[in-house]
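Be aware that the sequence shown starts at 4, since it is given in this note's numbering, and climbs by one per residue. Beta carbons are placed, not taken as given, at the ideal position from N, Cα and C, and that holds for glycine.
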Amino acid sequence: MESVLLKSACPHDCPSACALEVERLSPTRIGKVRGGRHFDYTDGVICAKVARYAERVHHPDRLTQPLKRKGSKGDGSFVPISWDAALDEIANAFEVASARHGSESVWPYHSGGTMGVVQRWGLDRLRHVMGYSGEKTTICIGPSEPGWRAGVGRLEGTDPRHIAQSDLIIVWGGNPVSTQVNLMRHIQAARRDRGARLMVVDCYRTPTVEKADLPVILRPGTDAALACALMCVMLEEGLADQDFLTRYTDFGDDVERHLRSRTPAWAAAITGVDEDTIRTLGRTIGETKRAFLRLGFGFTRSRNGATNMHAVTALPAVSGAWRHPGGGAFFLNLDNWGLDTTVAHGLDAKDPSVRVLDQSRIGAVLTGDPHALLGGPPVAAMLMQNANSANVAPESGLVRRGLARTDLFVAVHEQFMTETAAFADIVLPAAMSFEYDDIYYGLGHTAITYGPRLLERHADCRTNHEVVCGLAERLGAEHAGFGMSARELIDRTLNDSGLGTIARLEEKGYVERPPTISQGESWEGFPNADGRYRFRPDWSALQMPGWDLPAASMPAIVDYWDVIEQASEQTPLRLVAPPARMFLNTSFTQSPSSRAHESRPTALLHPDDAARLGIEDEQRIVLGNPRGEVQLHARIASRALPGTVVAEGIWPSRDHEGGAGINQLIGSDPVLPAGGVAFHDSAVWARPVLGDAS
Ligand code: SF4
């Protein structure tokens with residue numbers, strides 16, 4: 004068979020949702036993977052980890068058959084079992100749990116291992132039909148989403164392709180050089196074609212900061228203080244767009260007085276950015292009307308993350324950049340899709356009275372925290388798809404304790420024997436994206452991309468959809484979606500959404516879903532009921548019903564909120580745990596080229612801190628706090644701020660001497676107002692491992 008080039012899409016939890024071009028060498032093998040040129044956002048460019056996707060698809064460690072635990076939970080010893088027997092055991096466990104504790108004691112759980120509309124979220128159909136506990140997927144977007152909604156309203160913004168018309172691009176809290184290469188291509192084109200300048204705000208010198216014309220390094224979690232001071236400069240120096248403020252925002256004398264009190268001197272003391280720099284940045288933003296603000300997740304992964312996001316979104320409301328070509332802000336598209344997933348996700352069977360548990364609090368849920376369980380029954384049985392919570396969720400020691408419960412049944416449907424799978428009673432081998440049909444939301448752009456099945460199944464792997472349907476049959480769950488193929492569900496979803504058919508999608512490879520928020524010169528106001536941006540957010544309205552989080556304690560007017568986990572005498576460093584370039588959470592931690600590039604678990608420390616703590620470059624060190632201890636190797640460089648330690652990437656725990664991964668140190672207390680994780684907001688101590696110089 005001759006090799007062919009086929010259109011596909013990236014299934015990973017990355018806003019780029021790239022269109023791909025895949026070289027198929029045979030019905031079971033792929034060769035090169037490139038960026039698809041058929042979609043202009045991707046335009047031929049993808050990241051290095053997916054360019055080497057053949058390593059992942061054909062990895063010798065992929066799971067090949069269903070397995071049943073024979074040893075203790077977590078020790079990873081299993082025996083093969085047939086698919087029928089495996090699905091029977093899971094269905095039986097769900098029935099036993101439901102009979103003992105009620106249907107809410109079953110918690111189907113999924114995360115971002117695949118982002119497919121059918122294959123990821125189809126588990127919800129089984130959940131809703133059976134009355135199992137709901138899952139609010141907060142781990143990624145928990146703090147940022149309410150922060151954006153608090154001011155702007157809908158979760159969408161200026162089309163990122165408008166960067167081509169921008170004179171200033173501000174990347175705040177993101178590192179696209181490492182994690183979103185497509186975005187950098189658009190930014191570099193604007194720099195080349197119209198001399199646009201790049202401002203990058205982050206809490207350490209990332210590769211993206213290195214490329215900036217205006218690099219800004221601030222203390223982690225202090226972004227709102229910088230944003231407020233930048234607005235103060237614009238107001239003081241007559242650079243605010245008063246007409247815009249009057250017509251399109253709820254700005255008033257009280258907001259102005261408040262922001263004028265947030266002076267550069269005030270912010271300098273909090274952020275560590277000097278006053279002159281703050282003034283220069285404020286002037287630059289105020290004077291450059293074609294300023295595109297591209298917001299990342301990083302600065303929201305903090306206990307004050309929602310207020311950080313809200314404060315930064317206020318910048319173009321003061322400068323008026325929204326109504327200029329190439330101006331405005333963008334974080335994520337979520338409200339523009341207009342997809343009717345009633346059948347695919349079983350929304351017509353959803354009972355709103357069933358409890359919805361916080362995905363991020365899996366440790367607290369599984370260890371019986373009554374607050375995390377919302378006062379309901381314990382979780383007694385789970386099916387986990389695309390989720391490696393033993394490694395990825397915060398306070399991972401607590402998660403492991405929960406997964407090790409002998410009275411908890413866990414089935415894990417996975418591609419590799421992850422740390423979570425090692426705790427399972429039943430492990431099911433999962434197909435990869437090129438082995439099934441699905442569609443993907445482009446959270447960082449405006450298209451739904453199509454990833455058709457290109458390959459025969461690896462070994463005895465099954466898709467998420469097939470597992471869900473197999474369980475539905477055994478449990479007597481009835482819904483039209485269980486009798487449809489993935490392809491039929493895609494077709495039905497497109498049809499129900501007025502977006503044509505799968506045949507049309509196949510031809511083009513994607514469907515455009517333009518933003519519904521007005522753009523540039525066509526600006527008509529914000530997508531709130533009154534068309535106005537809110538400097539005075541209603542945080543309580545953004546809470547999850549029933550979660551009892553004290554949102555009323557959040558700032559009434561845009562502000563810095565001082566609730567971060569401060570350094571102390573016992574824990575003098577602030578830990579930031581951002582993504583590594585060649586991993587995506589724990590996906591790709593199996594790929595040889597990714598592992599070779601990332602080398603080993605590493606902690607970046609400033610030379611002053613290293614000298615004070617007696618730590619040498621490349622030395623093995625321990626980071627610790629009351630949640631646990633984690634071993635890494637020190638890298639000493641002034642890319643880190645004094646007082647900050649940076650540990651990039653989620654390495655499998657076994658790659659850390661001592662066997663504990665970085666999320667052992669991260670708190671799982673919910674971020675206000677709607678849950679989520681403060682991954683960049685932990686205070687730690689650091690010490691060398693005595694006698695170790697490797
Ligand atoms: S940049 Fe993101 S969406 Fe694109 S190929 Fe890489 S992981 Fe996938």
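Give every residue of the same chain whose Cβ lies closer than 7 angstroms to the Cβ of residue i, excluding the five residues on either side of it in the sequence, and list them in chain order.
i, result
"L635", "P604, T605, A606, I624, L626, A650 and H659"
"S597", "K52, M585, F586 and F591"
"A483", "V346"
"V48", "G38, V184, N185 and R188"
"A199", "S169, D170, L171, I172 and A193"
"P210", "N178, V180 and S181"
"S711", "Outside the displayed range of the chain (4 to 697) lies residue 711, so it cannot be described from this structure."
"A640", "L607"
"W325", "P319, G331 and W526"
"I84", "P69, L70 and K71"
"L457", "L9, S11, V25, R27 and F437"
In whole angstroms, what is the alpha-carbon distance linking residue i and residue j?
i, j, result
"N391", "E422", "7 angstroms"
"A268", "D277", "8 angstroms"
"I172", "T291", "10 angstroms"
"M237", "G549", "40 angstroms"
"L217", "W175", "12 angstroms"
"N467", "I520", "34 angstroms"
"T496", "E438", "20 angstroms"
"R195", "R577", "37 angstroms"
"G77", "V402", "12 angstroms"
"D672", "H374", "11 angstroms"
"S181", "S602", "16 angstroms"
"R293", "G330", "4 angstroms"
"R535", "M547", "24 angstroms"
"P69", "A230", "52 angstroms"
"E568", "T574", "10 angstroms"
"G241", "Y251", "18 angstroms"
"A414", "A94", "10 angstroms"
Please tell me whether residue i and residue j are closer than 7 angstroms, where the distance is taken between their beta carbons.
i, j, result
"A393", "H416", "no"
"S351", "G134", "The residue asked about is misnamed: residue 351 is Asp in this sequence, not Ser. Contact flag unset, no."
"N307", "W526", "no"
"P380", "G105", "yes"
"I618", "A643", "no"
"G349", "V633", "no"
"A367", "F412", "no"
"C206", "V687", "no"
"A227", "A314", "yes"
"N389", "T117", "yes"
"P328", "G523", "yes"
"V471", "G125", "yes"
"I669", "P397", "yes"
"W594", "P14", "Note on residue identity: the sequence assigns Ser, not Trp, to residue 594. Against a cut-off of 7 angstroms, the Cβ pair of P14 and S594 comes out as no contact."
"A559", "P676", "no"
"F538", "V155", "no"
"A544", "T67", "no"
For residue i, decide whether its Cβ has a neighbour in chain C, counting only Cβ atoms nearer than 7 angstroms.
i, result
"A100", "Absent from the structure: chain C. Only one protein chain is present."
Excluding the 5 residues preceding and the 5 following residue i in the sequence, name in chain order all residues of the same chain whose CB lies nearer than 6 angstroms to its CB.
i, result
"R55", "S596"
"A243", "M237 and V321"
"H165", "G329"
"D441", "G119, V121, Q122 and G454"
"V566", "R306 and N307"
"R690", "V625"
Quick one: residues in its chain with C-beta nearer than 8 angstroms to the C-beta of residue i, no 5 flanking neighbours on either side, listed in chain order?
i, result
"M73", "The amino acid occupying residue 73 in the given sequence is Lys; Met does not appear at that position. Within the same chain, K73 has close Cβ partners S80, F81 and V82."
"F419", "H62, D64, R65, L66 and Q593"
key: Whole beta strand (DSSP E) elements within the region 34-96, 3-residue minimum   = The region 34-96 contains, as complete beta strand (DSSP E) runs of 3+ residues, the segments 70-72 and 81-83 (chain order).
ask   = Is the region 445-455 touching the region 5-22 in the sense that three or more CB pairs, one from each, lie closer than 8 angstroms?
value = Cβ pair count under 8 angstroms is three or more, so yes.
Beta strand (DSSP E) runs contained entirely in the region 400-479, provided each spans 3 or more residues = As far as the region 400-479 is concerned, its whole beta strand (DSSP E) runs of at least 3 residues are 412-417, 429-432, 441-444 and 450-454.
key: Cβ pair count under 8 angstroms reaching 3, the region 353-369 against the region 27-45   = Cβ pair count under 8 angstroms is below three, so no.
query = What runs of the alpha helix (DSSP H), each 4 residues or longer, lie entirely inside the region 592-678?
reply = 595-601 and 610-616, all fully within the region 592-678.
inquiry  = To test your reading of the DSSP string, which unbroken beta strand (DSSP E) runs of 3 or more residues are found completely within the region 503-529?
reply    = Here the runs fully enclosed are 513-515.
The region 325-338 / the region 107-114 touching (three or more Cβ pairs under 8 angstroms) = Touching, no.
inquiry  = Quick check: the region 20-35 against the region 475-482, are at least 3 beta-carbon pairs closer than 8 angstroms?
reply    = Touching, no, given that fewer than three Cβ pairs across the two stretches are closer than 8 angstroms.
task = Tell me the start and end of each unbroken beta strand (DSSP E) in the region 148-198 that is at least 3 residues and wholly inside, in chain order.
result = Counting only runs that start and end inside the region 148-198, the beta strand (DSSP E) elements of at least 3 residues fall at 171-175.
3 or more residues per run - each beta strand (DSSP E) lying fully within the region 331-402 = For the region 331-402, the full-length beta strand (DSSP E) segments reaching 3 residues or more read 331-333, 359-361 and 384-388 along the chain.
message = In chain order, what are the residue ranges of uninterrupted beta strand (DSSP E) at least 3 long that sit wholly in the region 220-270?
response = Unbroken beta strand (DSSP E) runs of no fewer than 3 residues, entirely contained in the region 220-270, are not found.
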